[in-house]
Amino acid sequence: MKVLVDSNIFLDYYLNRSDGLIPIGEFAFRFIQEAIGCKYLVIVSSSVIGEVKDKLGFSEFELNEKVFKGLIKRNKFEIIEETTEQVIKARKLSLERNLPVVDCVQAIIAHEENLLIVSRDFHFNELNDFAETLKPEDLE
């Protein structure tokens, strides 16, 4: 199954984050392990790569070695470049719905590529008319 993964999942995984009640880092870890075990093909947009790099302060090499290594090694990781047309659509959608452009790009890519989005970002609740979004722990 191909899934489009949002930046917060990789941050939850790498930083082993928790919200005090829910071990969101553990859920992200399990999801990544299931992908490495061939349950999912992880698709990531170049804008998400940029977000994760910026938030962790990593170079592309560090990102590949520290965050994506297991997925890359098992061929369970693909980067998709958003098109100029997708970015234009996302900017328009962002203004219409007062949402971050990067989230709108994700929703448009998911819609056009028929992908499920894996994310914890509540903004995707406002974009469910474009693509279905599930948290890692809600995947079957």
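Residues in the sequence shown are numbered from 1 upward in steps of one, following the numbering used here.
Backbone N, C-alpha and C define an ideal beta-carbon position, used for all residues, glycine too.
For clarity, every value in this text was computed on a predicted model and none was experimentally measured.
- Between residue 79 and residue 52, the CB-CB gap reaches or exceeds 8 Å.
- With fewer than 16 other Cβ atoms inside 10 Å of its own Cβ, residue 38 counts as exposed.
- Exclusion of the five residues before and after residue 74 leaves 36 as the residues of its chain whose Cβ lies within less than 6 Å of its Cβ.
- Contact between the region 102-112 and the region 52-71 is not established, with fewer than three Cβ pairs separated by less than 8 Å.
- Segment contact: the region 3-11 against the region 114-125, three or more CB-CB distances shorter than 8 Å; contact assigned.
- Here the region 55-66 lies against the region 9-27, with 3 or more beta-carbon pairs under 8 Å apart.
- Inside the region 24-110, DSSP marks whole beta strand (DSSP E) runs of 3 or more residues at positions 41-45 and 77-80, from first to last along the chain.
- Straight through space, the alpha carbons of residue 138 and residue 92 are spaced by roughly 30 Å.
- In the DSSP annotation of this structure, the continuous segment of the alpha helix (DSSP H) that includes residue 11 starts and ends at 7-15.
- Under DSSP, residue 135 shares a beta bridge with no residue.
- Straight-line measurement puts the Cα of residue 101 at about 9 Å from the Cα of residue 89.
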